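Numbering (the UniProt record's numbering), first residue to last: 1 to 453.
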């Protein structure tokens, strides 16, 4: 690939009215991350010298989202077409001498490899003026068409659907809108673009024909429809999400994970899955999850912001919230919730338990119905359970409290004070038996019921 510097111009000025949302279109999430930031990450792999996002309506939201990434911003006050939008980036690229990729914030799945292919084609021996990324959709709909010279990838002409003849509309090669252009050509060509068309807009693809008028041909390369799918509505957002998920599931299985029902497992953009992991149906991964080798995640579990150690077991119907950490071969069973809690190696909480703001030592056993009472309505407090401790069923541990190594808490206890190592703690009312009382109670109630009739 060429070693020339790279810049990216990402168009994100559209109003996105079809989304019917107060959130800017390009900030709607795919796999838990704004679609614009998916694209920013992909571009970053090319190590661009500059990245410019062109904003318009809702600019404050977009600027806030990209501010941590150190990306330049250009403002398109009026939406007068894609050519006009790219032209707004000229000041931000002052002094830049290299190749410019033109991308769209609502086309988030284009790959780094495809971007590289566009740049490589730009620097082929025939040195095209521009490189257009084309695709052949199942339904060409209202896409602009790319007409090539027979037997070549050289563009004879490009035409927007609104301005196309019936013969041109019959062509199947469509324009994705993505381009690669040398910076020395881009703004000079854009300055010549007019708006004498059906929409009265300044079309970016017009630079192709303007270059042709200077005896400089342009080329097209093709990619899959899924890679250039755009998002303009909630339905299209769902389709792009489905496409991303399908690809990620395939990657997970290729890397050595077993997905029993792949179509029911949902990953986030940063989910890390080890080898020999088994994921049962209907599992959801939120952002910030790392799963080590040999883990089993049973069905209907929800995991977010958590780290699961090698050989551990989760679920079914478990919920791991941010800050949950499972040690090696630890077990979280059905209807167990963890938040900001650490379960040490080999420790178990098999069912019906809440562990919040807690540290559980290696080999400890947490009985059914146990809760750590971590919040008093104003502040959060921590519970510490030592190694090898046993917490009986239906116990409440009122934080801040510590249970020592090897200690036992009797079932049904409400523990409000620390328990020393190897001690037995019982914190419940004394059991009292009243002989014959149950029989007399039943006879009394039966008589009342009969009298009531």
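Cβ atoms here follow ideal geometry from the backbone N, Cα and C, with glycine treated the same way. Fair warning: this is a prediction, and the values are worked out from it, not measured in the lab.
- For the alpha helix (DSSP H) that residue 207 lies in, which residues bound it at each end? 206-212
- Task: Would you check if there are 3 or more beta carbon pairs closer than 8 Å linking the segment 306-319 to the segment 283-296?
- Result: Three or more beta-carbon pairs separated by less than 8 Å link the segment 306-319 to the segment 283-296, which places the two stretches in contact.
- Item | Sub-8 Å separation of residue 128 and residue 121 beta-carbons | yes
- Item | Inter-residue spacing [alpha-carbon to alpha-carbon] between residue 1 and residue 116 | Residue placement at residue 1 cannot be trusted, given a pLDDT of 48 that sits under 50; what the coordinates show is reported in the next sentence. Going from the Cα of residue 1 to the Cα of residue 116 covers about 7 Å.
- Query: Does the distance from the C-beta atom of residue 283 to that of residue 273 stay below 8 Å?
  - Reply: Against a cut-off of 8 Å, the Cβ pair of residue 273 and residue 283 comes out as no contact.
- Cut-off 8 Å between Cβ atoms - residues of its own chain near residue 341, not counting five sequence neighbours on either side: 323, 324, 325, 355, 356, 357, 358, 359, 360 and 372
- Compute the minimum distance between the beta carbon of residue 301 and the heavy atoms of the ligand HEM, and state whether it is under 7 Å. No copy of the ligand HEM appears in this structure; indeed no ligand is present at all.
- Compute the beta-carbon to beta-carbon distance between residue 133 and residue 277, rounded to the nearest angstrom, for a pair I have assumed lies under 8 Å. At roughly 36 Å, the Cβ-Cβ gap does not stay under 8 Å, so residue 133 and residue 277 are not in contact.
- From 413, 400 and 381, pick the residue whose C-alpha is nearest to that of residue 392; which is it? Proximity to residue 392 across 413, 400 and 381 peaks at 413, based on C-alpha coordinates.
- Query: What is the residue span of the alpha helix (DSSP H) that residue 187 lies within?
  - Reply: Run containing residue 187: 183-190, per the alpha helix (DSSP H) assignment.
- Message: Using 8 Å as the cut-off, can you tell me whether the segment 17-31 makes contact with the segment 76-88, which would need three or more C-beta pairs spanning the two stretches below that distance?
- Response: no
- Item | 6 Å CB neighbourhood of residue 478 in its chain, flanking five on each side removed | Any answer about residue 478 is impossible in this case: the structure gives the chain only from 1 up to 453.
- Query: Under the three-state reduction of DSSP, which class applies to residue 448: helix, strand or coil?
  - Reply: helix
- Below 8 Å on the Cβ atoms is my guess for residue 49 versus residue 7; work out the distance and round it to an integer in Å. Residue 49 to residue 7, Cβ: 6 Å. Contact.
- Item | DSSP three-state assignment for residue 320, whether helix, strand or coil | strand
- Could you please give the first and the last residue of the uninterrupted alpha helix (DSSP H) stretch that includes residue 19? Per DSSP, residue 19 belongs to no alpha helix (DSSP H) and is neither H nor E.
- Message: Let's test the definition: count the other Cβ atoms within 10 Å of the Cβ of residue 337 and tell me whether it reaches 16, buried, or not, exposed.
- Response: buried
- Item | Proximal residues to residue 437 (C-beta, below 7 Å), its chain only, five neighbours per side dropped | none
- Task: Could you check how far apart the C-beta atoms of residue 61 and residue 27 are, in whole angstroms? I think they sit under 8 Å.
- Result: 6 Å
- Task: Would you check if the segment 163-172 and the segment 204-214 touch, i.e. whether three or more CB-CB distances between them fall below 8 Å?
- Result: No, they do not touch.
- What did DSSP end up calling residue 458 once you bin it into helix, strand or coil? Past the boundaries of the shown model lies residue 458; the chain is included only from 1 to 453, so the question cannot be answered.
- Item | residue 109 beta carbon less than 8 Å from that of residue 240 | Against a cut-off of 8 Å, the Cβ pair of residue 109 and residue 240 comes out as a contact.
- Query: Quick one: what does DSSP say residue 264 is sitting in, helix, strand or coil?
  - Reply: In the structure shown, residue 264 sits in a helix (DSSP, three-state: H, G or I).
- Item | Supposed contact pair residue 34 and residue 52 - C-beta distance, whole angstroms, cut 8 Å | At roughly 17 Å, the Cβ-Cβ gap does not stay under 8 Å, so residue 52 and residue 34 are not in contact.
- Item | Neighbourhood of residue 171 by C-beta distance below 7 Å, restricted to the same chain and skipping five residues each side | 145 and 147
- Pairwise C-alpha distance: residue 382 and residue 376: Taking C-alpha positions only, residue 376 is separated from residue 382 by approximately 12 Å.
- Query: For residue 444, is the classification buried or exposed, using 16 other Cβ atoms within 10 angstroms of its Cβ as the cut-off for buried?
  - Reply: Its Cβ having fewer than 16 others within 10 Å, residue 444 is exposed.
- Item | Start-end ranges of the alpha helix (DSSP H) lying completely within the segment 373-453, minimum 4 residues | 437-452
- Item | Alpha carbon of residue 319 to alpha carbon of residue 333, nearest angstrom | 10 Å
- Query: What span of residues does the beta strand (DSSP E) with residue 172 cover, start to end?
  - Reply: Taken as a continuous stretch (DSSP letters only), residue 172 belongs to no beta strand (DSSP E), as it is neither H nor E.
- Would you kindly check if the distance between the Cβ of residue 233 and the Cβ of residue 18 is under 8 Å? yes
- Query: Cβ of residue 93 less than 8 Å from any chain B Cβ?
  - Reply: The chain labelled as chain B is not found in the depicted structure, where only one protein chain is given.
- Message: Please report the distance separating the alpha-carbon of residue 140 from that of residue 94.
- Response: 37 Å
- Query: Which residues in the same chain as residue 398 place their Cβ atom closer than 7 Å to its Cβ, once the five residues preceding and following it in sequence are excluded?
  - Reply: 373, 414, 415 and 416
- Is the beta carbon of residue 10 sitting closer than 8 Å to the one on residue 103? yes
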